[in-house]
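**Q**
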DNA sequence: TCACGGGTGTCAGCGGTATGTCAGTTATCA
DNA sequence: TGATAACTGACATACCGCTGACACCCGTGA
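Below is the structure:
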């Protein structure tokens, strides 16, 4: 497909540049009109590619440097399989990090948009996963854990133990353990140094301390 | 016969190409009109050959396997999560389609490893999944199932039932059911029309019949 | 000889996708 | 303020898969 090729080349081209490029330049470079370039850039943005635009004199397009993973191009099957697996993981609460996973799946799904591939997404419904879902936990708690884990920041949690005693403590996550029925934090208590497991479903509140990046 | 000869040549031609071909091009290539090409492609599809079509400008025909999508641009976190999830699915034998999944993960991992956030790959080891793996099955069987499922082709399986009786039959896969400990094929026996489940770990041999696509 | 059916060509039309054209609007900077 | 450049919407056009209808050719068998 001619267009897909150009999209990929466009992504590569933007990625390889440090300075901004005008749509005019891109149009000449790829042999299409400016309007098409705008549409292409819209498509890339729809696929969550971080293209930034500067208006006015000296402006142009550039990729946001902080998200500089090279683009991945899947085959339709690979993409479809990832969507199926991800959906399963979310349904079964396999991963506590549903937010990030969901956004990743959205991107993959967006790439699978043309007519021939919609049928493939339908066929995925024939892939059934069975199994016992893990215990539910609060979305806000999961989001905080996700951030703390990725950014390696301490976390303040309010925890209810087996005797229904509610305590608040600050911990550092050592690892996240996903078992069949529950997800646990293997964590170090900042104050006492004690290391133990905390069941995520028993954490009633969590917030990242030292909130740097929003 | 002239027609069947062309049919096989057509299949061969499509297989050898990576980019799409328009019916117009195929018509010139084989010295027939476009209408005949459409009829031929219908015939190939009826024989379960995975020919995919893209409409509109820049469209054309291609085989399913060589289908490429618009680029997907993950953040490092998303990529890391997908890799972790995929590795888990493979380890736990969650999906029988390890071939396709593995190649998808390779692409994600490759994108991640060229980025500044490569260390995320190491940190993934702190994400532990626990659980009882499902019963093992032969890689060759899984590969055949994967192909049969994606291409919707019949499958000839040699199956060992609960009484250690070995039978060979041809089935059409209706759906694939992934349960906790086992993966089953929900399939229709081509000859008898009987519908039942087959445990993948009990299939000792499997091959795709009507092998157009290899 | 004639009827029949499979394979093919011709044509018209439908629907979907990508691109171009054009006329604007908005934001930024010298 | 004027130049620059990102954006938007509307419309036209070319491209392309897909379907149905009909006519034609040709081999086969009654």
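Protein chains in written order, with UniProt numbering: chain H, 1 to 214; chain B, 1 to 214. Backbone N, C-alpha and C fix where the C-beta goes; we use that ideal spot for every residue, glycine too.
If you draw a straight line from the C-alpha of residue 74 of chain B to the C-alpha of residue 33 of chain B, how long is it?
**A** Position 74 of the second chain, counting from 1, holds the residue named residue 74 of chain B. Position 33 of the second chain, counting from 1, holds the residue named residue 33 of chain B. Answer to the nearest angstrom: the Cα atoms are 44 Å apart.
**Q** Pick from H/183, H/21, H/199: whose alpha carbon is nearest that of residue 53 of chain H?
**A** Position 53 of the first chain, counting from 1, holds the residue named residue 53 of chain H. Residue 53 of chain H has its Cα closest to that of H/21, out of H/183, H/21, H/199.
**Q** In chain order, which continuous runs of the alpha helix (DSSP H) of length 4 or greater are located wholly inside the UniProt domain "Helix-turn-helix type 11" (6-61) of chain H?
**A** Runs found: 23-30, 34-46.
**Q** According to DSSP, simplified to helix, strand and coil, what is residue 189 of chain B?
**A** If you number the second chain from 1, residue 189 of chain B lands on position 189. Looking at residue 189 of chain B - three-state DSSP - the assignment turns out to be strand.
**Q** Between residue 114 of chain H and chain B, is the shortest Cβ-Cβ distance under 8 Å, so that the two count as touching?
**A** Position 114 of the first chain, counted from the first residue, corresponds to residue 114 of chain H. Output row for residue 114 of chain H: interface = yes.
**Q** What is the DSSP secondary structure of residue 205 of chain B, counted as helix, strand or coil?
**A** The residue you call residue 205 of chain B lines up with position 205 of the second chain. If DSSP states are grouped into helix, strand and coil, residue 205 of chain B belongs with the strands.
**Q** For the candidate residues B/198, B/110, B/16, B/194, whose alpha-carbon lies nearest to that of residue 177 of chain B?
**A** If you number the second chain from 1, residue 177 of chain B lands on position 177. It is B/198 whose Cα lies nearest to the Cα of residue 177 of chain B.
**Q** Got a sec? Which residues, its chain only, sit under 8 Å from residue 27 of chain H by beta carbon, not counting five neighbours each side?
**A** In the first chain, the residue the question calls residue 27 of chain H occupies position 27. Closer than 8 Å at Cβ, skipping near neighbours: 33, 34, 36, 37.
**Q** With a threshold of 16 other CB atoms inside 10 Å of the CB of residue 9 of chain B, please say whether the residue is buried or exposed.
**A** The count along the second chain starts at 1 and reaches residue 9 of chain B at position 9. Answer is exposed; the Cβ neighbour count stays below 16.
**Q** Buried or exposed for residue 78 of chain H, going by 16 or more other Cβ atoms inside 10 Å?
**A** Mapped onto the first chain, residue 78 of chain H falls at position 78. That one is buried.
**Q** Against chain B, does residue 212 of chain H count as a neighbour if the rule is that its beta carbon must be under 8 Å from one of theirs?
**A** On the first chain, residue 212 of chain H is found 212 positions in, with the first residue counted as 1. For residue 212 of chain H, the pLDDT reaches just 48, beneath the cut-off of 50, and the residue's location in the model is therefore unreliable, leaving the point undetermined.
**Q** Using a Cβ-Cβ cut-off of 8 Å (strictly less than) and excluding sequence neighbours within five positions of residue 7 of chain B, which residues of its own chain qualify?
**A** The sequence position of residue 7 of chain B within the second chain is 7, counting from 1. So the list reads 40, 43, 44, once near-sequence residues are dropped.
**Q** Bridge partners of residue 92 of chain B, per DSSP?
**A** Here residue 92 of chain B refers to the residue found at position 92 of the second chain. Residue 92 of chain B is not bridged to any residue.
**Q** Helix, strand or coil, according to DSSP, for residue 81 of chain H in the structure here?
**A** The residue given as residue 81 of chain H occupies position 81 in the first chain. Correct three-state label for residue 81 of chain H: helix.
**Q** Got a sec: is the Cβ-Cβ distance from residue 175 of chain H to anything in chain B below 8 Å?
**A** Here residue 175 of chain H refers to the residue found at position 175 of the first chain. By this cut-off, residue 175 of chain H is an interface position.
**Q** Identify whether residue 69 of chain H lies in helix, strand or coil by the three-state DSSP scheme.
**A** Here residue 69 of chain H refers to the residue found at position 69 of the first chain. Coil, per DSSP.
**Q** Please report whether the beta-carbon of residue 68 of chain B lies at a distance below 8 Å from any beta-carbon of chain H.
**A** The residue given as residue 68 of chain B occupies position 68 in the second chain. Yes, residue 68 of chain B counts as interfacial toward chain H.
**Q** Given that residue 107 of chain B touches chain H, what residues does it touch there, using C-beta distances under 8 Å?
**A** Here residue 107 of chain B refers to the residue found at position 107 when the second chain is read from its first residue. Simply 72, 73, 74, 78.
**Q** Could you tell me whether any Cβ in chain H is nearer than 8 Å to the Cβ of residue 188 of chain B?
**A** Locating residue 188 of chain B in the second chain gives position 188, where the first residue counts as 1. Cβ-Cβ to chain H under 8 Å: no for residue 188 of chain B.
**Q** What is the rounded straight-line gap between the Cα of residue 147 of chain B and the Cα of residue 137 of chain B?
**A** The residue labelled residue 147 of chain B in the question sits at position 147 within the second chain. The residue labelled residue 137 of chain B in the question sits at position 137 within the second chain. Distance between the alpha carbons of residue 147 of chain B and residue 137 of chain B: 16 Å.
**Q** Using a Cβ-Cβ distance under 8 Å, would residue 89 of chain B count as near chain H?
**A** As a working mapping, residue 89 of chain B is identified with position 89 in the second chain. True, the Cβ-Cβ gap to chain H drops below 8 Å.
**Q** From what residue to what residue does the beta strand (DSSP E) around residue 166 of chain H run?
**A** Within the first chain, the letter at position 166 stands for residue 166 of chain H. Per DSSP, residue 166 of chain H belongs to the beta strand (DSSP E) from 166-178.
**Q** Quick check: what's the CA-CA separation for residue 15 of chain B versus residue 166 of chain B?
**A** Against the second chain, residue 15 of chain B aligns to sequence position 15. Against the second chain, residue 166 of chain B aligns to sequence position 166. Going from the Cα of residue 15 of chain B to the Cα of residue 166 of chain B covers about 36 Å.
**Q** Can you tell me whether DSSP reads residue 195 of chain H as helix, strand or coil?
**A** Taking the first residue of the first chain as 1, we reach residue 195 of chain H at position 195. Three-state result, residue 195 of chain H: strand.
**Q** Examine chain H for any beta-carbon lying closer than 8 Å to the beta-carbon of residue 122 of chain B, and answer yes or no.
**A** In the second chain, counting from the first residue as 1, residue 122 of chain B sits at position 122. False, the Cβ-Cβ gap to chain H never drops below 8 Å.
**Q** Answer with buried or exposed for residue 86 of chain H, where buried requires no fewer than 16 other C-beta atoms within 10 angstroms of its C-beta.
**A** Taking the first residue of the first chain as 1, we reach residue 86 of chain H at position 86. Looking at its Cβ environment, which holds 16 or more other Cβ atoms inside 10 Å, residue 86 of chain H is buried.
**Q** State yes or no: is the beta carbon of residue 150 of chain H nearer than 8 Å to at least one beta carbon in chain B?
**A** Locating residue 150 of chain H in the first chain gives position 150, where the first residue counts as 1. With 8 Å as the cut-off, residue 150 of chain H counts as an interface residue toward chain B.
**Q** My understanding is that residue 192 of chain B touches residue 4 of chain H, with C-beta atoms under 8 Å, so please give their C-beta distance in whole angstroms.
**A** Along the second chain, read from residue 1 onward, the residue named residue 192 of chain B stands at position 192. Along the first chain, read from residue 1 onward, the residue named residue 4 of chain H stands at position 4. Residue 192 of chain B to residue 4 of chain H, Cβ: 45 Å. No contact.
**Q** For residue 98 of chain B versus residue 142 of chain B, is the C-beta spacing smaller than 8 Å?
**A** Reading the second chain from its first residue, position 98 is the one you call residue 98 of chain B. Reading the second chain from its first residue, position 142 is the one you call residue 142 of chain B. Yes; because the gap between Cβ atoms is below 8 Å, this pair is in contact.
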